[in-house]
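Have a look at the structure below, then the notes.
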Amino acid sequence: MFKINIRDKALNQLGNYINKTHEQIGLLIGKFENGELYINEVINGTGEADKSHCMFSQDLLAEVADNIINGRLEGSIVGWCHSHIHGGIFMSPIDIETQCKLQQFSQYIVSMVVDVSSRQFGIFIYDQQSGPIQIPSEYISIS
Ligand SMILES: [Zn+2]
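In the working numbering, the protein residues as written are 1 to 143.
Below you can see the structure in the form of structure tokens.
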């Protein structure tokens, strides 16, 4: 388990999610430093998600990777996020699948789920033994 720091900017970008009537999906951009994961920015991948599926397009991943390599984006991909329209902060089987794919690139990849009905979010990692683990709120700070 590691600490997570979410920048105001990223939180504002996430705030847009709760006003949308269909599932939103995005990538979390930031860095892992001194044992803490910083989430600086949310890149929206709207249009790739529908009501029940929220997989990433290869195009979005390629575009973001390209922007990072070319210095247009500072940091790296530290996770992904999506919204749940019908409520609940949990990882669906598809969410777990997506998380596992991204975790292949780095162990410091998190999954953020935004619950539109309660306007709250949860952050998850996936453990091979225990399954999805929600990061306790005392590990999460906002700056
Ligand atoms: Zn989901």
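Where is the CB? At the ideal position from N, CA and C, for every residue including glycine.
Heavy atom of ligand 1 within 6 Å of residue i beta-carbon
i, result
"serine 111", "no"
"aspartate 115", "no"
"serine 118", "no"
"aspartate 95", "yes"
Beta-carbon gap between residue i and residue j smaller than 7 Å
i, j, result
"glycine 26", "glycine 45", "yes"
"valine 116", "serine 92", "no"
"leucine 73", "asparagine 67", "yes"
"alanine 10", "asparagine 40", "yes"
"proline 132", "phenylalanine 124", "yes"
"glycine 79", "valine 42", "no"
"isoleucine 85", "glutamate 23", "yes"
Endpoints, the alpha helix (DSSP H) within which residue i is located
i, result
"leucine 37", "Premise fails: leucine 37 lies in the beta strand (DSSP E), 36-44, not in any alpha helix (DSSP H)."
"glutamine 24", "Run containing glutamine 24: none; DSSP gives neither H nor E here."
"valine 64", "58-69"
"lysine 101", "93-103"
"asparagine 5", "Segment 3-6 is the beta strand (DSSP E) holding asparagine 5; no alpha helix (DSSP H) there."
Below-7 Å beta-carbon distance, residue i vs any chain B residue
i, result
"glycine 75", "Absent from the structure: chain B. Only one protein chain is present."
Heavy atom of ligand 2 within 6 Å of residue i beta-carbon
i, result
"serine 92", "Summarising the ligand content, the structure contains ligand 1 and does not contain ligand 2."
Between the CA atoms of residue j and residue i - distance to the nearest angstrom
i, j, result
"serine 130", "alanine 62", "31 Å"
"serine 118", "phenylalanine 105", "32 Å"
"valine 114", "isoleucine 140", "15 Å"
"alanine 65", "tyrosine 38", "18 Å"
"asparagine 5", "leucine 14", "14 Å"
"aspartate 8", "glutamine 128", "32 Å"
"aspartate 95", "tyrosine 126", "10 Å"
"threonine 98", "methionine 112", "12 Å"
"threonine 21", "glutamine 103", "28 Å"
Delimiting residues of the beta strand (DSSP E) encompassing residue i
i, result
"tyrosine 126", "120-127"
"serine 83", "76-84"
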